[in-house]
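Working notes for the structure below.
Numbering (the numbering used here), first residue to last: 737 to 947.
Encoded structure:
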């Protein structure tokens, strides 16, 4: 399932919102309120249904082989959408920014590995990089890297803050421009990071920030 809120112009930047484990197409709506109103907003729902109105990009509790199959299916689904989305919704974004919460951030990273120059920005919200991510040397070869925004709760019981800090170190080593915020919250985006995310998204209206 996909939902698109059109921006001011056909060529306006587009934001891609991917929810987390057991979320749905509406889960990321609060974050869309932080974005410039002129941007297109694209919400996508994961293809694997857990129960009523709960969906995932893959189920972490199933055997690894089945998880990998579900990940592949999810990425194929995303890529198939991107081949038709412009014509289907009459948009032609000059660039895309991805925002992923928790599991959704991992999916965005896989998408970035497949399409290194597709996203101009990537917001990792209470999320993480995949354990099987490509090495830093891979990213050093990519001339135009997306800007990265990373927000994590210090008291997150699902994805420990230590993992988030390790990911931050990896991103810096790989040559990414990263803004990183920590809040005294659990598995959510706190007040400080929320305010910073709004400012970060607004920077994509500035040519100097994008280039």
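For each residue, glycine too, the CB sits at the ideal point set by N, CA and C.
Residue of the options minimising C-alpha distance to residue i
i, options, result
"residue 778", "797, 739, 762, 825", "739"
"residue 794", "783, 787, 788", "783"
"residue 766", "835, 824, 809", "835"
"residue 884", "806, 860, 799, 743", "860"
"residue 848", "917, 882, 741, 776", "882"
"residue 853", "880, 862, 838", "880"
"residue 748", "786, 773, 863, 755", "773"
"residue 826", "887, 776, 756", "776"
"residue 745", "829, 763, 760", "829"
"residue 752", "787, 905, 939, 817", "817"
"residue 756", "832, 837, 905", "837"
"residue 856", "945, 923, 877", "945"
"residue 921", "894, 906, 905", "894"
Residue range of the unbroken beta strand (DSSP E) whose run includes residue i
i, result
"residue 927", "No beta strand (DSSP E) contains residue 927, which is instead part of the alpha helix (DSSP H) from 927 to 938."
"residue 813", "Residue 813 -> not in any beta strand (DSSP E); alpha helix (DSSP H) instead, spanning 800 to 818."
"residue 919", "914 to 919"
"residue 757", "Premise fails: residue 757 is in no beta strand (DSSP E) and is neither H nor E."
Identified DSSP bridge partners for residue i
i, result
"residue 792", "784"
"residue 945", "Paired residue(s): none; residue 945 is not in a bridge."
"residue 779", "739, 753"
Heavy atom of the ligand HEM within 6 Å of residue i beta-carbon
i, result
"residue 873", "The model on display carries no ligand, and the ligand HEM is accordingly not part of it."
Extent of the continuous alpha helix (DSSP H) run through residue i
i, result
"residue 767", "765 to 768"
Any C-beta of chain C under 7 Å from that of residue i
i, result
"residue 796", "Going by chain labels, chain C is absent from the structure shown, which holds only one protein chain."
Secondary structure, alpha helix (DSSP H): runs of 4+ residues fully inside the region 825 to 866:
839 to 850
If you scan the region 875 to 912 from start to end, which runs of the alpha helix (DSSP H) of 4 or more residues do you find wholly inside it?
897 to 909
Evaluate contact between the region 837 to 853 and the region 802 to 819, counting only Cβ atoms and requiring at least three cross-stretch pairs below 8 Å.
yes
Within 8 Å, do at least three Cβ pairs link the region 791 to 805 to the region 900 to 911?
no
Please confirm if the region 924 to 942 is in contact with the region 902 to 914, defined as three or more CB-CB distances below 8 Å between the two stretches.
no
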